[in-house]
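K.L.:
Each residue of the sequence shown is one higher than the one before, starting from 349 at the first, in the working numbering.
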Amino acid sequence: MFHKSKKDILNGNIPEQILLFTIPICGSYLLTQLYQFADSIVLGRFVGVEAMAAVGGSATMIINILLNLISGIATGLMVVVAQNLGRGAHERVGETVKTGMFVAVVFGGTISIISALISKPLLQLMNCPIETIEPSLIYMYSYFVGIIPYTIYTFGVYVLRASGDTKISLYCTIIIAAVKIILDLILTAVFNFGVWGVSISTVASYLVCGIFVLVILHNTEYSYHFDIKDFGYEKNLLKQIFKIGFPVAIQSALFAITNAYVSVKINLFGTNAIAAFSAYNNVDNFYWSFTNAIGAVIITIVGQNFGNKNMTRVKQTLKYGIIIHFIATILIGVFEFTCARSIIHVFTTSEEVINIATLMVHNISITYSTYILVEMISGTIKGCGDSMNSMIIAFIGVCGTRVLFLTFFPFTNVFQVLYCYPISWSITSLIYLIYYLSNKKYRLTNNN
């Protein structure tokens, strides 16, 4: 007989729950940045600027589109699990997890094959310098080999987050980071395998964690237990997961696609600019580690309380989420602005690359607060299952604004390209706020 859920997030102090759940997930994202740092450091220090630009530039942008699609569908799974837990429909939780694992294998395998087929044309379309195309393809092709275990790992972690268990994702990331960093150093720094070494270490780390998550789900006594012999799907749950998850996946992909368009413009300024953009992203990701973490927590807490029909706690979760996010945004922005040059110097010894990347960080870190409402309101309405409208808002505010800006603004230097970020965040925040305040569903309380 399985227990219902590991954590009670239908009751208790909301700010405390947000912080307690966010910290392990943020730690997980930061460790993810650590092993991505390992790639950049090893390649920048032991192979060269071209290899660093290849892995950290256009290749990473394309891979991020793929990973965002996976995390989007995983979010659909997380919301369905959270809402069923909130309703007390614990029998459906196990069926949802089983269906989710089926999707992980089929969906992960499908997009892996498609991505491998279109990678080279995409790199050429993005004006990727000729000297970086071959190492980029090596990295991407080997990365795609690990997509199925990565998808299983991601889906499993999102299931655990839906139940309030945020520590397992941290443990998984510790394992990934340890395996990846050790193999990076051995294969690339010691045996001079170059980009191949970084690629092999990535696949190995995802395989280890995919197996680890399956073992956790198999051995759990809670309602999200999964046995591999039950591999299959339930039609209605499959529809629910994709109904919520597909718009989230498209929304996430839109962010990644517009970032890829940013990369296209960056590429026009040469290899040093590309390498600097890669280094900038490594610093910038400190903020996104926190933002993605608190966004996942908001979806989980809102999802369970919406399933429990407790709109008062839904609204309180959004309010406290905004306050906590704002405070953290100021602190992280100050840290990045102050420490940018020192951090970037770890990745490369090129003074020109360091100077360009540092100015990139300085220009953007002071604008992070314009993004807060995007993440918080988006997470709230996704947790309520309203992912289609969230996608539409993101399409108009993020994709539309950035494409127009990047297409028609007369750029004279690489720094102007990045202005598209705060402009699109500000416009999208305003649209989300208007939508939330004007929608009757989100004005309801338990007494209405």
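Beta carbons: idealized from backbone N, C-alpha and C, even for Gly.
Select from Asn-711, Leu-586, Leu-367, Thr-755 the residue whose C-alpha is nearest the C-alpha of Thr-514.
P.N.:
Within the sequence shown, numbered from 1, the residue matching residue 514 stands at position 166. That would be Leu-367, whose Cα lies nearest to the Cα of Thr-514.
K.L.:
Nearest CA to the CA of Ile-534: which residue from Val-546, Ala-525, Ile-524, Ile-523?
P.N.:
Start at 1 with the first residue of the sequence shown, and residue 534 comes out as number 186. Here the closest residue by C-alpha is Val-546.
K.L.:
Taking the continuous alpha helix (DSSP H) assigned at Thr-696, which residues delimit it?
P.N.:
On the sequence shown, residue 696 is found 348 positions in, with the first residue counted as 1. That residue, Thr-696, is in no alpha helix (DSSP H); it is neither H nor E in DSSP.
K.L.:
Note down, one range per segment and in chain order, each alpha helix (DSSP H) of at least 4 residues found wholly within the stretch 463-519.
P.N.:
Entirely contained in the stretch 463-519, the alpha helix (DSSP H) runs reaching 4 residues are, in chain order, 478-493, 495-510.
K.L.:
Just the Cα atoms here: how many angstroms apart are Phe-560 and Tyr-554?
P.N.:
Numbered from 1 along the sequence shown, position 212 holds the residue referred to as residue 560. Numbered from 1 along the sequence shown, position 206 holds the residue referred to as residue 554. C-alpha separation (whole angstroms): 10 Å.
K.L.:
Does the separation of the CB atoms of Cys-520 and Tyr-501 fall below 9 Å?
P.N.:
To locate residue 520, count along the sequence shown from 1; it is residue 172. To locate residue 501, count along the sequence shown from 1; it is residue 153. For Cys-520 and Tyr-501, yes; Cβs fall inside 9 Å.
K.L.:
Note down, in chain order, each residue of its chain lying with its Cβ closer than 6 Å to the Cβ of Ala-641, except the 5 sequence neighbours on either side.
P.N.:
Along the sequence shown, read from residue 1 onward, the residue named residue 641 stands at position 293. Here the set comprises Thr-370, Ile-373, Cys-374, Tyr-377.
K.L.:
At the level of alpha carbons, what is the spacing between Asn-567 and His-573?
P.N.:
Taking the sequence shown and counting its residues from 1, one reaches residue 567 at position 219. Taking the sequence shown and counting its residues from 1, one reaches residue 573 at position 225. In a straight line, the C-alpha of Asn-567 is about 7 Å away from that of His-573.
K.L.:
Any idea what DSSP makes of Cys-557, helix, strand or coil?
P.N.:
On the sequence shown, residue 557 is found 209 positions in, with the first residue counted as 1. Looking at Cys-557 - three-state DSSP - the assignment turns out to be helix.
K.L.:
If you reduce the DSSP assignment to three classes, tell me which class Leu-358 lands in.
P.N.:
Translated into the one-based positions of the sequence shown, residue 358 becomes position 10. Leu-358 falls in the coil class under three-state DSSP.
K.L.:
Mind checking whether Asp-492 and Gly-448 have CB atoms under 9 Å apart?
P.N.:
In the sequence shown, residue 492 corresponds to position 144, counting from 1. In the sequence shown, residue 448 corresponds to position 100, counting from 1. It should be pointed out that residue 492 corresponds to Phe in this sequence rather than to Asp. Not a contact, by the Cβ cut-off of 9 Å.
K.L.:
Using the three-state DSSP reduction, which class does Tyr-719 fall into: helix, strand or coil?
P.N.:
Within the sequence shown, residue 719 is the residue found at index 371, counting from 1. Note: Tyr-719 maps to helix in three-state DSSP.
K.L.:
For Asn-796, count neighbouring C-beta atoms within 10 Å of its own C-beta (all shown protein chains included) and say buried if the count is 16 or more, exposed if not.
P.N.:
The count along the sequence shown starts at 1 and reaches residue 796 at position 448. Here the model assigns Asn-796 a pLDDT of 48, short of 50, so the residue's position is not dependable and the matter cannot be decided.
K.L.:
For Tyr-581, is the beta carbon positioned less than 8 Å from some heavy atom of the ligand GTP?
P.N.:
By its list of ligands, the structure shown contains no ligand whatsoever, and the ligand GTP lies outside what it can speak to.
K.L.:
If Ala-430 sits next to Ala-510, beta carbons under 8 Å apart, how far is it from one beta carbon to the other, in whole angstroms?
P.N.:
Here residue 430 refers to the residue found at position 82 of the sequence shown. Here residue 510 refers to the residue found at position 162 of the sequence shown. Their Cβ separation, rounded to whole angstroms, is 4 Å, which keeps Ala-430 and Ala-510 in contact under 8 Å.
K.L.:
On a Cα-Cα basis, can you pick out the residue from Val-454, Val-451, Val-427, Trp-636 that is closest to Asn-656?
P.N.:
Taking the first residue of the sequence shown as 1, we reach residue 656 at position 308. If we check each option's Cα against that of Asn-656, Val-427 comes out closest.
K.L.:
Can you list, in chain order, the residues of its chain with a C-beta nearer than 7 Å to that of His-693? Leave out the 5 residues immediately preceding and following it.
P.N.:
Taking the sequence shown and counting its residues from 1, the one referred to as residue 693 is at position 345. Around His-693: Ile-702.
K.L.:
Would you report the Cα separation of Ser-777 and Tyr-784, rounded to the nearest angstrom?
P.N.:
Position 429 of the sequence shown, counted from the first residue, corresponds to residue 777. Position 436 of the sequence shown, counted from the first residue, corresponds to residue 784. Distance between the alpha carbons of Ser-777 and Tyr-784: 11 Å.
K.L.:
Secondary structure at Asp-734, three-state DSSP: helix, strand or coil?
P.N.:
If you number the sequence shown from 1, residue 734 lands on position 386. Reduced to three states, the DSSP call for Asp-734 is coil.
K.L.:
Quick one: is His-351 buried, meaning 16 or more other Cβ sit within 10 Å of its Cβ, or exposed?
P.N.:
One-based indexing of the sequence shown puts residue 351 at position 3. The pLDDT assigned to His-351 is 47, lower than 50, so where the model puts this residue is not dependable, and the model offers no usable value.
K.L.:
Compare the Cα-Cα distances from Asp-632 to each of Lys-788, Gly-618, Arg-435, Leu-766 and report the closest residue.
P.N.:
By one-based count along the sequence shown, residue 632 stands at place 284. That would be Leu-766, whose Cα lies nearest to the Cα of Asp-632.
K.L.:
Find the nearest neighbour of Ala-525 within the set Cys-557, Met-488, Tyr-635, Ser-484, judged by alpha-carbon distance.
P.N.:
The residue labelled residue 525 in the question sits at position 177 within the sequence shown. When only C-alpha atoms are compared, the closest one is Cys-557.
K.L.:
Can you give me the Cβ contacts of Glu-364 inside the same chain, cut-off strictly under 8 Å, excluding the 5 residues immediately before and after it?
P.N.:
Here residue 364 refers to the residue found at position 16 of the sequence shown. Answer for Glu-364: no residue qualifies.
K.L.:
Looking at C-alpha atoms only, which residue of Met-708, Val-682, Thr-677, Cys-732 is the closest neighbour of Thr-718?
P.N.:
Your numbering for residue 718 matches position 370 in the sequence shown. Answer by Cα proximity: Thr-677.
K.L.:
Thinking C-alpha only, which one of Met-409, Ile-357, Thr-380 is nearest Ser-626?
P.N.:
Within the sequence shown, numbered from 1, the residue matching residue 626 stands at position 278. Nearest C-alpha to Ser-626: Met-409.
K.L.:
Would you mind reading off the limits of the alpha helix (DSSP H) that contains Tyr-609?
P.N.:
Within the sequence shown, residue 609 is the residue found at index 261, counting from 1. Looking at the DSSP string, the run of the alpha helix (DSSP H) that includes Tyr-609 is 583-615.
K.L.:
Looking at C-alpha atoms only, which residue of Val-441, Glu-569, His-710 is the closest neighbour of Thr-686?
P.N.:
Locating residue 686 in the sequence shown gives position 338, counting from the first residue. When only C-alpha atoms are compared, the closest one is His-710.
K.L.:
If we ignore side chains and look at the alpha-carbon of each, how far apart do Leu-586 and Phe-617 end up?
P.N.:
Here residue 586 refers to the residue found at position 238 of the sequence shown. Here residue 617 refers to the residue found at position 269 of the sequence shown. When rounded, the distance between both Cα atoms is 45 Å.
K.L.:
Check Tyr-628 in the structure and name its three-state DSSP category.
P.N.:
Numbered from 1 along the sequence shown, position 280 holds the residue referred to as residue 628. Here Tyr-628 sits in helix by DSSP.
K.L.:
Could you check which residue in Ile-720, Ser-698, Ile-646 has the C-alpha nearest to that of Phe-674?
P.N.:
In the sequence shown, counting from the first residue as 1, residue 674 sits at position 326. It is Ile-720 whose Cα lies nearest to the Cα of Phe-674.
K.L.:
In the structure shown, what three-state DSSP assignment does Leu-533 receive?
P.N.:
In the sequence shown, residue 533 corresponds to position 185, counting from 1. Note: Leu-533 maps to helix in three-state DSSP.
K.L.:
What did DSSP end up calling Phe-455 once you bin it into helix, strand or coil?
P.N.:
Residue numbering aside, residue 455 sits at position 107 when the sequence shown is read from its first letter. Residue state, collapsed to three classes: helix.
K.L.:
Return the CA-CA distance between Met-297 and Thr-749, expressed in angstroms with no decimal places.
P.N.:
The first residue shown for the chain is 349 and the last is 796, placing residue 297 beyond what the model contains.
K.L.:
How long is the line joining the alpha carbons of Trp-544 and Ile-671, rounded to whole angstroms?
P.N.:
Taking the first residue of the sequence shown as 1, we reach residue 544 at position 196. Taking the first residue of the sequence shown as 1, we reach residue 671 at position 323. If you take the alpha carbons of Trp-544 and Ile-671, they lie about 44 Å apart.
K.L.:
With DSSP collapsed to three states, give me the class of Lys-577.
P.N.:
Within the sequence shown, numbered from 1, the residue matching residue 577 stands at position 229. Lys-577: helix per DSSP, three-state reduction.
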